[in-house]
Amino acid sequence: MKRPPAVAGQFYPSDPAKLLRMIEWSFRSVGFPEIPKPNFSGLRKIRGLMVPHAGYMYSGPTAAKAYQALAEDGAPETFIIIGPNHAGLGGPVSIMKRGVWETPLGDVELDFEVGTMIEENCELIEEDTVAHRFEHSIEVQIPFLQAIYGDKFRIVPIIMLAQDLQTSKLLGKAISEAVSSSERDVVIIASSDLTHYEPQIEAKRKDSLVLLALEKMSEDAIYKRVVELNVSMCGYGPVMAMLVSSKSLGGKRAVILDYRTSGDVTGDLSAVVGYASAAVYIE
Numbered sequence: 053m054k055r056p057p058a059v060a061g062q063f064y065p066s067d068p069a070k071l072l073r074m075i076e077w078s079f080r081s082v083g084f085p086e087i088p089k090p091n092f093s094g095l096r097k098i099r100g101l102m103v104p105h106a107g108y109m110y111s112g113p114t115a116a117k118a119y120q121a122l123a124e125d126g127a128p129e130t131f132i133i134i135g136p137n138h139a140g141l142g143g144p145v146s147i148m149k150r151g152v153w154e155t156p157l158g159d160v161e162l163d164f165e166v167g168t169m170i171e172e173n174c175e176l177i178e179e180d181t182v183a184h185r186f187e188h189s190i191e192v193q194i195p196f197l198q199a200i201y202g203d204k205f206r207i208v209p210i211i212m213l214a215q216d217l218q219t220s221k222l223l224g225k226a227i228s229e230a231v232s233s234s235e236r237d238v239v240i241i242a243s244s245d246l247t248h249y250e251p252q253i254e255a256k257r258k259d260s261l262v263l264l265a266l267e268k269m270s271e272d273a274i275y276k277r278v279v280e281l282n283v284s285m286c287g288y289g290p291v292m293a294m295l296v297s298s299k300s301l302g303g304k305r306a307v308i309l310d311y312r313t314s315g316d317v318t319g320d321l322s323a324v325v326g327y328a329s330a331a332v333y334i335e
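271 is the number that this note's numbering gives to position 219 of the sequence shown; each next residue is one higher, with no gaps.
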């Protein structure tokens, strides 16, 4: 089956040429001259990424910092992309294994083998195409990957309706076991924004504490901060699952690559959304 784009023309341009120009603008906005070319001889030290998923005007530059690091690191075969389930459709964890995802830049194949192994490793995971139909958190990552890697990669899309600590740990374990068994070159991408619609000062305070927990490589601390501070981070479950799986696959340090808010774009600091990108490295 083919999953058509749900938010083309909203979160990013639906015209391919305009989309590529906006992606290039995202890289230029953070000091890079152009869309990066992958380093095929890269050492492949990145196991996981955290990337935001707002409209490209707001979070594109922050996403570009993550994808620049990824391109310099090498050319993975498969990206397991985990996002929150905003629409509320489906079960606790919904995966797609078959078919292709379409964007204005072309089609991307799903990695059936890796997706099947992940599903078999955790009873909470269900194959569900309907749950993914309207979800934007994974979709907005794909054009960045296409701009860098063309059609030379596959994806496994997973969305989480349940984002509690236990579910996140079980999903992370299922992913790491599948990756180890598959012998694929894989990067796990967690798609998440941070604090939503709070004053800039408060958003930065809360977000800094969550990011500190990520730097400390502690999914338990991330969950504790989100709950105790009532952080309106939409994808804390995906970030925790990414961290669990990345650590199991040799990840040893997390680096925050960029942080900014929507207020930095609009100038309205009264109610902002926070965006960060981060990478988990094996050394």
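Glycine included, every Cβ here is placed at the ideal spot set by N, Cα and C.
Given this structure, state the Cα-to-Cα distance separating residue i from residue j, to the nearest angstrom.
i: Ala60; j: Lys304; result: 36 angstroms
i: Thr219; j: Leu176; result: 8 angstroms
i: His138; j: Asp259; result: 20 angstroms
i: Asp43; j: Arg150; result: In the structure as shown, the chain starts at 53 and stops at 335, and residue 43 therefore has no counterpart that could be examined.
i: Pro136; j: Pro65; result: 22 angstroms
i: Tyr327; j: Ser233; result: 33 angstroms
i: Ser111; j: His105; result: 7 angstroms
i: Met53; j: Leu217; result: 32 angstroms
i: Arg257; j: Val278; result: 12 angstroms
Within 10 Å of its beta-carbon, does residue i have 16 or more other beta-carbons around it, so buried, or fewer, so exposed?
i: Ser228; result: buried
i: Ala115; result: buried
i: Thr318; result: exposed
i: Gln62; result: exposed
i: Ile253; result: exposed
i: Arg185; result: exposed
i: Lys117; result: buried
i: Phe92; result: exposed
Kindly indicate which three-state DSSP category residue i falls into: helix, strand or coil?
i: Gly167; result: helix
i: Ser150; result: The sequence as given places Arg at residue 150; Ser does not occur at that position. Coil at Arg150, not helix or strand.
i: Pro113; result: helix
i: Glu271; result: helix
i: Gly100; result: strand
i: Arg55; result: strand
i: Pro290; result: helix
Residues in the same chain with beta-carbon distance under 6 angstroms from residue i, minus the five sequence neighbours each way, listed in chain order, please.
i: Asp13; result: No answer is possible for residue 13: it lies beyond the span of the chain, which begins at 53 and ends at 335.
i: Val208; result: Ile132, Asp163, Val166, Gly167
i: Val325; result: Asp245, His248, Ser314
i: Glu271; result: Met292, Leu295, Val296
Suppose the cutoff is 8 angstroms on Cβ atoms and the five residues either side in sequence are ignored; what does the same chain contact list for residue i look like?
i: Ile200; result: Ile87, Pro88, Lys89, Pro90, Tyr119, Leu122, Ala123
i: Pro195; result: Tyr64, Leu71, Ile75, Thr155, Pro156, Leu157
Examine chain B for any beta-carbon lying closer than 7 angstroms to the beta-carbon of residue i, and answer yes or no.
i: Ile194; result: Judged by its chain identifiers, the structure shown contains no chain B, having just a single protein chain.
Within a Cβ cutoff of 7 angstroms, which residues of the same chain sit near residue i, ignoring the five residues on either side of it in sequence?
i: Ile334; result: Lys97, Arg99, Gly302, Gly303, Lys304
Indicate whether the contact test is met: 3 or more Cβ pairs, each with one atom in the region 305 to 313 and one in the region 253 to 270, closer than 8 angstroms.
yes
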